[in-house]
Every structure is written in structure tokens, then in C-alpha cells.
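Data first, discussion second: the structure below is written as C-alpha cells.
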Amino acid sequence: MDSVNGSSGTSGTSSASHASDSASLGAQAEPSAAQTREDELRDALESNPDAVAALGALTAAPSYAALSVEQQVEALNAFAATPNLATATYLQGAAEQTLDPQATPSALTPDAGTLTLDGQTYSIRNGELIGADGAVAGSIRNDGQVQLNADTAPRSVYDDINTRVQLRELGPDQQMRDLVNLHAADPNGRLDNANINREMARLATATIAQARREAMDMRVVSDFRSVEEQNALYAQGRTAPGRIVTNATGGSSWHNYGLAVDVAFNDARGQPSWPDNAHWDRYGEIAAARGLEWGGNWRGINDRPHIEYHPGLGAGEARTMLPGYRQGGLQQVWNQLGLGAR
Ligand SMILES: [Zn+2]
């Protein structure tokens, strides 16, 4: 988070905008520490009009004018450290542009709002979680770590991919809106399927957890597919009704060896959907960074939901696994790839 705000890329132009700012201040000789800090924030948030407007609202408030300079600086620092929706939007944009894993909106805490965690809703005030009875029930940090009074240690709301998380913020229009809305990513336990290789499951889980840190609400929709099921799927759109969905015949898809998984995005009701405007590219980037091959990089059928794992082999070499599979099943295939026991 700091790296995003700190490396805004606008530093080259900041001195120019500082000069024009102080010119417009007229007679004032030395800008106060608060004015300097405000200018810095305006530079950092330059590309985010919503955040600049939120900053303007803060500094225009009569209660702000009544503060001492030290208190004003404190208020500005608090504004910078506690992202609101505008900042969230900015960070999201930064993450998309840079594809820098550091520059992710992983650490978004609204200054006021609610957190729903596995069905329990807490109000948030300045990082404190307030239960329905009005008592402080725990805390939430900017990195997504939550600690409830009953917990012995903080836990990340993103790491358990089946935790239902809804983080809402009170917007400038006084309406509550979602910052993060995450449904269970594997409600059918597909990654627990014994026919899915454990390393594949681990990498898929890590990919989804990272996507959740970036507020992408992903869900596993298919896992292992037998050779016979693959042949039936291949027939679809060719010798059977439906649209063509695969170019792989039985034995030539990594799904047939428990080494591929398909995902979707959850819609607002938690149902799988494949919106064109979802952040598929970012998902592919996250998967590739973990050594998975992403179907979105393929020519021919561009298979954006699909990830697969076959260290040392290419996507098109799945078929070379078929003899081993016929002989010794999935375990032999995984042994051949050095993936060990499931
Ligand atoms: Zn697939």
C-alpha cells in the first residue's frame, strides 16, 4: 500500500504543481506544515479525482480549520493511512496498470462501514469492529488481518478462500457500498477432490487467495474430468448439440490427470458467471506467477477460466501422459511429473 502511495509516479511534476499552488495562495510567505502535507497528498492522488474531492471536503470543513497545524497534519496523515472508497478505486487502478503484486488493493479498510465475516456483521469505526451489542468485538487492520476477541491470533480474511467476506463503506453520498464482496471460492469442495493433485490444489488455492486480496470474487467450477467425460465434452458442438467448448479429446486435457482447474467469478448472489469485463488478465498474471499455465494465453480457443500445472511439459503434451495413466492411473502420471503423492 505504501509503495503505491509512495511511488505515485507523479514526483517529476510535483515541483511544478507546488509552484502554481503556492502562487495561488497569494500573500502567504511560508506554507504551513499542514499545507505542505496537503499538497503532497494532492500530488499523490492526482490521477484520482474522487480522492482529491474527498481530501478537499476534509480540508474545507469548518472543524478542520479549527484544528492546530499539528492536528491538521495528523488528520491528513490519518486520511492517507485509512483508505476510503476513492482510495480503493485508485489502488485498484494502480494495480491494473502496473500489475505489480505490491500495488494491490489488498489492504483496504474503510474508515467507517461494516464487515460481514461468515454471516456475522460488525460495524467498523477507526479499525475497531463493533458487535451488534455495541461492544468492541475486535479489530481490522489495513492489510486485511482481522482479530476477534475470541481469536488468539489475527487471521487474514483473504487466506481462507471459503470465508464469506463483505466489507462495506459509507460513501460520500451516505450510501453503503461494497469495497470487497467475497463468496466461498470452493463451495463444492472441488479442490479437495482426491483426483486433483495436491500441488495443483495448493497453487490454485494460492492463486484464488491472491485474487481475493485484490477484491476478485473467484470460484472453482470444474476440476477432474475422466477421459470418457472429456470425449463427451469434445463431441459437444461437433457430433452432439451445443457449442464447442474444448479442442481436447479424451486424454489430451490436463483436466484428465487432475492437473487443471477452471474458475468463474461469483456474481452478486454468489452464482458463477463469466463476465467479459472481469479482471481475467490479472487472474492469469497471478496464476502464471505461481508457475501455472493460463488458458487465456492460448491461441485458438482462448480459455480464460482455465489454469493447469505440468512442470517441464507444454500444454499440448498432455496426451503423452495417457500410456502412464492407462498403466498406473493418476499416481503414475504425477510420479512421471515429479509431483509425488496426492
Ligand atoms: Zn479447463
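If you use this note's numbering, the sequence shown corresponds to residues 717 to 1058, in order.
Beta carbons: idealized from backbone N, C-alpha and C, even for Gly.
### Inter-residue spacing [alpha-carbon to alpha-carbon] between Phe1064 and Ala770
As displayed, the chain neither begins before 717 nor continues past 1058, which places residue 1064 out of reach and without an answer.
### Task
With DSSP collapsed to three states, give me the class of Ala773.
helix
### Query
In whole angstroms, what is the alpha-carbon distance linking Gly1056 and Leu975?
13 Å
### Message
Using a Cβ distance threshold of 8 Å, determine whether the segment 930-948 contacts the segment 891-907, with at least three qualifying pairs required.
### Response
yes
### Message
Can you determine whether any heavy atom of ligand 1 sits closer than 7 Å to the C-beta of Arg1026, and answer yes or no?
### Response
The residue you asked about is not Arg; residue 1026 is His in the sequence shown. It does not: the Cβ of His1026 is nowhere closer than 7 Å to a heavy atom of ligand 1.
### Query
Quick one: what does DSSP say Ile1023 is sitting in, helix, strand or coil?
strand
### Query
Is Pro991 buried or exposed, if buried means 16 or more other CB atoms sit within 10 Å of its CB?
exposed
### Task
Consult DSSP for Ala749 and reduce its assignment to one of helix, strand or coil.
helix
### Cross-strand partners of Leu1073 (DSSP beta bridge)
The first residue shown for the chain is 717 and the last is 1058, placing residue 1073 beyond what the model contains.
### Query
Going straight from the alpha carbon of Val852 to that of Asp902, what length do you get?
31 Å
### Query
Does the beta-carbon of Met892 have 16 or more other beta-carbons within 10 angstroms, so that it is buried, or is it exposed?
exposed
### Task
Can you check the segment 931-960 for any beta strand (DSSP E) of at least 3 residues that lies completely inside it and give the ranges in chain order?
934-938
### Query
Do the segment 960-978 and the segment 1016-1036 make contact, defined as three or more Cβ pairs closer than 8 Å?
yes
### Message
Following a CB-centred definition, is Gly953 positioned closer than 7 Å to any heavy atom of ligand 1?
### Response
no
### Message
In the DSSP output, what is Ser839 paired with across the bridge?
### Response
Thr830, Ile846
#### Entry: Burial state of Gly958, where buried means 16 or more other Cβ atoms lie within 10 Å
exposed
### Task
Check whether the Cβ of Ala994 lies closer than 7 Å to any heavy atom of ligand 1, and answer yes or no.
no
#### Entry: Per-residue burial, Glu786 [other beta carbons within 10 Å of its own, 16 or more giving buried]
exposed
#### Entry: Beta-carbon proximity check, Trp1014 vs Gly1000, cutoff 8 Å
no
### Query
Which stretch, first to last residue, makes up the alpha helix (DSSP H) that contains Ile1002?
996-1005
### Message
Please return the same chain residues whose Cβ sits closer than 6 Å to the Cβ of Leu1038, not counting the five positions on each side in sequence.
### Response
Gly967
### Query
For Ile856, which of helix, strand or coil comes out of DSSP?
strand
### Query
Do Asp902 and ligand 1 come close, with the Cβ less than 7 Å from some heavy atom?
no
#### Entry: Residue of Met932, Gln946, Ser969, Ala1005 minimising C-alpha distance to Asp983
Met932
### Query
How many whole angstroms separate the CB atoms of Gln863 and Gly854, which I take to be in contact at a CB cut-off of 8 Å?
5 Å
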